[in-house]
Every structure is written in structure tokens, then in C-alpha cells.
DNA sequence: TTGATTTAGTAAGCAGGCTTATAATATCTC
DNA sequence: GAGATATTATAAGCCTGCTTACTAAATCAA
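Set out below in C-alpha cells:
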């Protein structure tokens, strides 16, 4: 049976590979910190925005609340964060970064910065901005929020 | 404690989000086929290259052999592929696409094509090529193979 | 105020990555 | 040939996503 030509390096596959490569490298280098890339992302949001409910965290991370719940479980166990009750809403648990998170921040940020530099080596200047613009556009085009659609 | 500025839309996070968005959309639309994006990728390689050992498949997919093993388990159970012994090497199991895989191919390819068109809407012509060039470069820059390194 | 609806968090269980470890088989070297 | 080394596949067990389903609490509506 004939197959229409599918480049085996389609956009989706390349994105998948690039994302996996970055995740792998980050986790290799952050292994001594004991910080996964998913956990690093949580810390970035908490340190920049302060304590957040899990629901808000889920929005920022663009993952489901249940995924946040278990991610926070492990991060709490590892001493990165703590859950504390919200004084105004007894359903809510505010996630708060602990001292260990602040202490590791600069170190992890350096790992990320070095990684991006290595990843982009050999690309023309301005490639990063072109790339991030395209990625933002793709994310917007595929998002569920209706206000994001059809603005050409 | 002060934090150096970390854009919460760094390259790594944007790549992660774009990849997840594409995966989610693909799987929503391919749900009736019962084909996940990881499984679709396996089929693309098998239909283009013919039967492959799991080790070769792992190389093409850029994942670990154990991940292939379990992916193929599920695909075999679902009737997409079969394992058959290699006549020349009794360690090897050749993975062969079944009729069901050929039958679903055009349908899945159409889903992928439509998805890429939607993802790239509003980007300038040539953006796809710029994007895939950058992604290929990133993958190369972060790969483990030494011959890929340091060619600037 | 009470009853329905929405929201926040989690349990259970699955897919698809990973590391580490093991068995079976090939291959290389002496 | 025999022994050391490589390779192929897989088991066990972890992390991070997901869907579905549940409880508790807040909010809306009558």
C-alpha cells in the first residue's frame, strides 16, 4: 500500500525531540540539586509571584490540577515547598516556597541559562526571538480559550 | 530574597507548552482511531522504512529501548503491529505494521497536516522552515553523539 | 434559608518517558 | 574453542502527564 510522503522530521516530532533533549540535559545537570525540570518550573512561578493556590499554579503551568497536586506532593516531601491553608477560603491550599528553594534558585537558573546558550549555538543572532515568537503563536493557536482564536 | 529575572516564558517552557498543546490536539482528534501521538510516530517509521528491530526503532524515535518495548506491547495489544523473530539473530524481535496501521495512515496524516496548518496560522511564510531549522540545530547541539558537537 | 451549581483539591488508574538491573544471544579476542 | 565483552529485549519501579470520579466548601438563585 502506498504512503503519502510524511517527512519523519515533521514539526511535531522535532518539537518533541527538542523538548526531550532540553529536559534530559537540564535534569542531568540539576541532578545534584535533586530538581526535575517540572519542579524547577514550579519554583520559577512561586519565586516570581509569591504563594499561589494549586488552581492558579495549574493555570500558569498549563497542566491539570491533579498533576499539580502530585507534583506538589513530591516537592513538599523533598522540602522545596509547603502547603498552607488559605485564611479566606478553606478549600484552598496555598503553596509556599521554602528556604531551600531560594537557596537553589541561582544555581538552577545558571544551569538553564548555560543550557539555552548551548542549545542555540551556531544559530544566527535574533534566532531566539524568532523562535519564541513562533512558539508563542503556536501555543495561542492551539489553546482552548476562544478569545485567542481567529485573530489571524 | 532577590531573584534575578527569569522570564517565565523561557525557551524551555515555551517548547514544553507547544509540544504539549500539539500532543493534546492530536490525541483529541485521533481519539476515534485510538492512536496516541507516540504510537503515530512509531507507525510513521514502520510504514516508511519497513519492519524494524526494537533497537533501531529506539534510535529513530530517540527514546530508550525499554520505552519502545512497552510502547510496542500496547500497540501489539491494540492490533497495530506484531513482533516477529529475526531469522538471523535470535535476540532480535522485528516489529511489523499490520493491515490496521496501513488502513489508518491517511486519516492520521490528515489530522497531523490540519493540525500543523492551524498551529502556524498567522505566522509569516517561511516561518515553518526557520522554525524546523532552529529545532534541528537545537537537537543537534544537545545530542550525546560527539561528532555532532563543536562544529559551531 | 435552602437547594443547586461551581470550584478546589485529591484518589485511582492509565500512557509514556526514565534509570538500573538481568537473561539470552552474538561477537570479539586469545 | 573458550572466555570476555557487546547487544537485544525486558522487568521493576520512579516521575509527570492524562481522564474520570469523588468530597468539601463557596457561591448563586429562588
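Chains as they are written, first to last, in UniProt numbering: chain A, 1 to 152; chain B, 1 to 152.
Cβ atoms here follow ideal geometry from the backbone N, Cα and C, with glycine treated the same way.
Treat the numbers as computed from the prediction; the structure is a model and nothing was measured.
Of the candidates 110/A, 126/A, 135/A, 129/A, 110/A places its Cα closest to the Cα of residue 29/A.
For residue 113/B, the enclosing alpha helix (DSSP H) starts and ends at 99 to 120.
The alpha carbon of residue 38/A has as its nearest neighbour, out of 98/A, 112/A, 93/A, the alpha carbon of 112/A. Three or more pairs of CB atoms, one per stretch, sit closer than 8 Å, so the segment 88 to 95 of chain B contacts the segment 50 to 57 of chain B.
Residue 25/A counts as buried, since no fewer than 16 other beta carbons sit within 10 angstroms of its beta carbon. Within chain B, the residues whose beta carbon sits less than 9 Å from that of residue 22/A are 11, 12, 15, 16, 138, 142, listed in sequence order. Taking a Cβ-Cβ cut-off of 7 Å, the neighbours of residue 135/A in chain B comprise 14, 15, 18, given in sequence order.
The straight-line gap separating the alpha-carbon atoms of residue 133/B and residue 88/B is approximately 39 Å. Chain-order list of chain B residues neighbouring residue 41/A: 13, by C-beta distance under 7 Å. DSSP, read as helix, strand or coil, puts residue 46/B in helix.
Taking 9 Å as the cut-off, the beta carbon of residue 138/A is found no closer than this to the beta carbon of residue 12/B. For residue 105/B, the closest of 15/B, 44/B, 31/B by C-alpha to C-alpha distance is 44/B. Contact annotation: residue 108/B and residue 15/A have beta-carbon atoms that are not nearer than 9 Å. The alpha-carbon separation between residue 100/B and residue 79/B amounts to approximately 7 Å.
A Cβ of chain B is located within less than 9 Å of the beta carbon of residue 122/A.
The beta-bridge partner set that DSSP reports for residue 96/B consists of 82/B. Looking at the DSSP output, residue 53/B sits in a beta bridge with 94/B. Listed along chain B are 141, 142, each with a C-beta nearer than 8 Å to that of residue 118/A. Judged by DSSP in its simplified three-state form, residue 89/A adopts strand.
For residue 131/B, the nearest beta carbon of chain A is closer than 9 Å to its own beta carbon. Note on geometry: alpha-carbon atoms of residue 130/B and residue 144/A lie some 26 Å from one another. With a 10 Å radius around the Cβ and a threshold of 16 neighbouring Cβ atoms, residue 41/A comes out buried. Residues of the segment 54 to 71 of chain A with a C-beta less than 7 Å from any C-beta of chain B: 62, listed in chain order. Interface criterion met: the Cβ of residue 127/B is under 9 Å from a Cβ in chain A. Pairing residue 119/B with residue 135/B, the inter-Cα distance amounts to about 16 Å.
With respect to the C-alpha of residue 115/B, the residue from 103/A, 35/A, 114/A, 142/A having the closest C-alpha is 142/A. For the C-beta of residue 83/A, not a single chain B residue is nearer than 8 Å; the gap to the nearest is close to 21 Å.
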